[in-house]
Amino acid sequence: MKLFFSRVMILTIVLANGLVAGPGLPQQFSDRFLFAFKSETPSITVSIDNGLPVTGIASVDALMSQYGVTGLERWIPEAGPEDGDGKILIMNIYRASFPSDRDLSSLRTTLAAFSADQNLLYAELENINYPVYAPNDTRFNSEWHLPRVGATQAWDLWDIAGGNEPGSRDIVLASVDTGVQYTHPDLKNNAWINQGEIPSNLFAAIDADNSGVVTSSEMVTYVGDANSNGTSDLQDAVSANSPLIDGVDNELDGYVDDILGWDIAGTTSGVDSDRDPMAAITGAAWQDYRAHGTHVAGLLAAETDNGAGVASAIFNGLIMSVKCMYDQDANGYVSGGYSGVLYAAKAGADIINLSWGGFGGSSSSEQTIINTAYNTYGALIVAAAGNGNDNGTPNNDIHFPSAYDNVVSITAVSASDVFSWATYGPTVDMSAPGEGIWSTVFTTMGSYQAWPGTSMASPLTASCFGLMKSMNPTMSNDEMVSRMLAAADPIDDINPNYAGGLGTGRVNVYNALAQIIFPKLSFNATSIQITNDDGDGQLGAGEGAYLRVLIENEANWTDAQDVTGQLFSSSPYVTITDSLGTYGAVQNGNVASNLFDRYQFELADDTPSGDLPFTLHLAANEATAHPYTVDLDFTLEVSMWQPHFPIHMRQAIISGNAVVDLNGDGIMEIIVGAEDSLVHAFEPDGSELSGFPVLLGSKIEATPAVGDVNNDGRLEIVIGSWDKNLYLIYDDGVVDTIFTSTGYLMATPTLANLDSDADLEIIQPGYNQELMVLNYDGTFVDGFPIVLPVDEKMTKGAAVVDLNEDGQLDIIVGTWGNKLHAFQLDGTEVSGFPVLVGGKLVSAPTVANIDNAGGPEIIIGSDNDELYAISNTGSILWTFSDPIQNLRMSPGVGDINNDGSLEIFFASYDRKVYGLTNSGQLLDGWPYTTGSTISSSPVLADVDNDGLPEVFIGSDDNGLYGFRGTGELFPGFPIALISKVQGTPTIANIDGDGDLEVIVGSDSLLAVIDIKTPAGELGYWSTARGNLARTGIYGEPSSGIDGNRDQSLPESFRLEQNYPNPFNPSTEIEFSLPIVEKVELVVRDITGRRVTTLYSGAASPGVHTVKWSGLDDDGHAVGSGIYLYQLKTSTGIATRKMLLVK
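Here's what the structure looks like:
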């Protein structure tokens, strides 16, 4: 039967000491914290100014000054630019310190302020790490296997500093193997002495300290150099001249003078067993085999904390040497191994290790020996599972003795728990480290070597069992095995090809011991009851909640008694109003809740969306000898998501969207195209409108335009694609391909009534240098297309406005030829155009009367890093380039501060969002720097009813940003959307609940964010290109514009109070629209029943008046009372009351 030692290359794996936090000790420093700069932050140089640290990053320096930071240093000075994980570079992590400790509340406030800084990734407290007990054995730092099996952590369950060391010298571990050099410096003091075989007349003389137990050192002192070899050591005790050798079987167990163990095999192949289990050290040949038992012995119970060599998992224990190899054996065979098992069991070994075996099949005789040792003598037997095919490849053959009943079978894994070369299968019980394992060998071989093999994994596990028994001497073997198996760390997920064949997992003796004296409480789930809910059923800013935290006590661990909880949160947005909860008893394997003693907290009004951190401190068993505490971290999601959103998309949305009641059913839809060639129409519940999505021929970059194009009373979607087709999509999902171009249709189409009929014309710039103006049937309007020179590609939409105030609409478009054109309907250019600029015009023009004087101005960006303001006569009024990059996004406009003039907002590839005055100067508080380039365009609306619009825009850093006019972030923003936010948002009321939503597409999501404040004015610049027709103008989309907010045409729909009111017999109802769209005006009684429909169909921009004469749909006069009149449009629903008096 071959030994489990493979002649393969030895792997030496060196791990540093593990570090864990000690119970009851502080876990984090209170005089310092860490923060990390973003990777794109310029190089940081820390200097001292007036005794305080400065970095040159203004916002960070201001925070350090504000919060009293007096020291700043790199956390890991040795880290270089190659060291990092994802967005975090180690060299960008700094430790900030205070001159003294701060209280927890102050630290939380500081962390929140630093975390919010746009130049920083995060700020966090610095943890305190406590060392586990580290013995002083010189090779301990090379014994990676000890922390891997949890031994070093388990030692901390004893009070070593107080003199209570792990393990016990009452625990005997037997190396039934090739013999042991028991005189080895790291083994001699732990050598087992057979107390019953010492002649009774000598015992007292040898027991120098009168302890009743003779130690190996006492024996050496007493015997001296009995074999006259010039050295006094333990082998003298069994030499022929030793006074201890009396030729009498003092124990009457059949073994004479077995003071140090037994040599089953002897010196030849004959039966000549003897009393000396010393391995055959002499001779150069086969020394690796002969040293095998010594290597095993060191793993079983090498002396620990003795300032030399190696340590063992048991820390304190005794080694019984049983030699089962002939001295002259040249093949490495174990002879009489089962005899050795029986000897060890009868001699009183608690744990027997068998690092040998073979694949010869089952034997009833051998099984009997095993059963006898286990059942009769109470020995726990651990055996190596086998080294696979002994050539570095695994096998799943049945191996013995490891496969026998009452044997714990151990296979080997690497330092990372990877299995690759040993024996696996259903008879394996557990896995343990088995590569590069340091232990003792013959002193003639250098005393210590690192070996691989299941021969090493097995005694390591046996030593763990010894440590377990030392804590629980009366525990049965069955219970020890059951607990150790249950406590193993699962590794099947790491080794899926061997799942089920590696036992219950890798040995973890800490878990096995801790579960005997401690419970193991963990987080299970939470349930909340929201207080002051806004009606969406989701926890949000300004709300509070009662909280139940379900906890679980892991099976096989100790029951938890009198469990109490205290709730904490490090978030500055959380105020905990009731932090205490009770759970009572939590039996192992059960889940418990603070059912009748709920926690309670409130959220600040400016709480951002995302996960809020909480910590639940649990205490249990405080009246026992082993009180238990644990901190459980969990998060609660604060959501600004509209219910049923976000929706995961197959491919990116890189354009804007349309929010409109497409089919006139009173429910808003979200119309959006994506790069997967699909056009979607999502309902507020996340479902798609019947007939949608529709599949076009290629990817979509354009924003859909919506209007009643053919004057049939229904709204249609107009959109182009990279397949060069222009599509008309109806509200039932039917698609008409109305035109096929010779170039890609990447630009957003524009809808406008360019002639005297009621139909809308479609303006479509093309990548093929053609400016197309089409009727809804795909025919060209007279004078079009206009074909531009070959360098004048067009990739962005046009603006339509009466630029020169001649009563006719003009078409404004930028090209790659650095020209801004303004075409009249006869194909000629407006006087002063085209305008030549310094780069490609790769953004769409925005038109607004920004100076409130004369005609409108055109705002447009180019790829030469400049934003242009151009008059209606073609003069360049001003440019801005400080220092923007590649302006590809369309600007948005609005009166951000109520000063009567319009401000301009845009973004660029330099990561910044800019706000400018109407003269091109930076607004105070702007620009704001995001975390990446920006491919989105801004939109504006008053989302919080403060009379001022807010600005919203996406960034390629995965964030949706919201800003106040001051440049400050809107509460709750930015919101992380897990992928680039290239789409342009729309702001609309999609659910009719009185507040507004922000709708935007990212590279993987369609997101709808619910702004949970009463809505204000919507019609600033609330969607891509300013309106659903995508005309790109601020104000009336058909005949001239006025930048004042007092213009006759409102910027959102309005429903006015009827007049007269009360009335009899008739009254007039006035409503206003900013764009052409489908509307419905109905009258209902006070119960909500429809009385009559006053108007239903498409309505043009402007003010409309409808008369009601007090009749229902059947022409019958209605009675006196209160009636409701309700206007539904694409941007919302408005309802008012009126009183009919007869």
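The sequence shown begins at 68 in the working numbering and counts up by one. In this text, a Cβ means the ideal position worked out from N, Cα and C, and glycines have one as well.
Boundaries (first-last residue) of the beta strand (DSSP E) holding residue i
i	result
residue 816	That residue, residue 816, is in no beta strand (DSSP E); it is neither H nor E in DSSP.
residue 1079	1072-1081
residue 1101	Taken as a continuous stretch (DSSP letters only), residue 1101 belongs to no beta strand (DSSP E), as it is neither H nor E.
residue 344	Per DSSP, residue 344 belongs to no beta strand (DSSP E) and is neither H nor E.
residue 500	497-500
residue 388	385-390
residue 644	641-645
residue 632	627-635
residue 1171	1169-1175
residue 598	588-598
residue 831	828-832
residue 1231	The structure shown does not extend to residue 1231, since the chain is modelled only from 68 through 1209, so no value can be given for it.
Presumed contact (8 Å Cβ cut-off) between residue i and residue j, rounded CB distance
i	j	result
residue 507	residue 361	5 Å
residue 416	residue 241	4 Å
residue 421	residue 497	About 15 Å separates the two Cβ atoms, so there is no contact after all.
residue 524	residue 499	4 Å
residue 601	residue 1079	5 Å
residue 311	residue 254	Not a contact, Cβ separation roughly 20 Å.
residue 876	residue 892	7 Å
residue 870	residue 885	Contact doesn't hold; Cβ gap of about 20 Å is too wide.
residue 768	residue 808	So it is not a contact: roughly 14 Å between Cβ atoms.
Residue i - containing alpha helix (DSSP H), residue span
i	result
residue 582	576-584
residue 129	125-133
residue 42	With the chain covering only 68 through 1209, there is no way to say anything about residue 42.
residue 181	171-182
residue 215	212-215
residue 437	431-438
Exposed unless 16 or more other CB atoms sit within 10 angstroms - verdict on residue i
i	result
residue 376	buried
residue 663	exposed
residue 1204	exposed
residue 248	buried
residue 942	exposed
residue 1196	buried
residue 689	exposed
residue 307	exposed
residue 1147	buried
residue 215	buried
residue 873	exposed
residue 1190	buried
residue 1081	exposed
residue 149	exposed
residue 92	Residue confidence for residue 92 is low, a pLDDT of 40 falling below 50, so the modelled location carries little weight and cannot support an answer.
Near the ligand SAH: residue i beta-carbon under 7 Å from a heavy atom
i	result
residue 293	Only the bare structure without any ligand can be found here, which leaves the ligand SAH out of the picture.
Could you name each continuous beta strand (DSSP E) segment of 3 residues or more that falls completely within the segment 973-1006, going from the start of the chain to the end?
979-983
List, from N- to C-terminal side, the beta strand (DSSP E) runs of 3 residues or more that fit wholly inside the segment 677-711.
677-687, 695-705
Can at least three beta-carbon pairs, one atom from the segment 135-144 and one from the segment 217-227, be found at a separation below 8 Å?
no
If we count Cβ pairs, one from each stretch, closer than 8 Å, do we get three or more for the segment 534-549 versus the segment 172-188?
no
Considering only residues of the segment 520-569, which uninterrupted alpha helix (DSSP H) runs meet the minimum length of 4 residues and lie entirely inside it, listed in chain order?
521-538, 544-554
Do the segment 762-773 and the segment 1087-1100 make contact, defined as three or more Cβ pairs closer than 8 Å?
yes
Is it true that the segment 1055-1075 meets the segment 731-748, where meeting means three or more beta-carbon pairs spaced less than 8 Å apart?
yes
Pair every Cβ in the segment 380-395 with every Cβ in the segment 519-533, then say whether three or more of these pairs are closer than 8 Å.
yes
Enumerate, from N- to C-terminal direction, the unbroken beta strand (DSSP E) stretches of 3 or more residues contained entirely within the segment 244-281.
none
Ranges of the beta strand (DSSP E) found wholly within the segment 715-776, counting only runs of at least 3:
725-727, 736-740, 745-749, 772-774
At what residue ranges does the segment 844-932 contain a whole run of the beta strand (DSSP E), taking only runs of 3 or more?
866-868, 877-881, 886-890, 913-915, 924-928
Taking one C-beta from the segment 1068-1084 and one from the segment 787-794 each time, how about it: are there three or more such pairs within less than 8 Å?
no
Using a Cβ distance threshold of 8 Å, determine whether the segment 434-442 contacts the segment 454-465, with at least three qualifying pairs required.
no
Under 8 Å, with one C-beta from each stretch per pair, do the segment 1003-1013 and the segment 985-994 reach the 3-pair mark?
no
Which ranges would you report for the beta strand (DSSP E) in the segment 1005-1058 if only whole runs of at least 3 residues count?
1006-1008, 1017-1021, 1026-1030, 1053-1055
Touch check for the segment 569-588 and the segment 477-495: three-plus C-beta pairs under 8 Å?
yes
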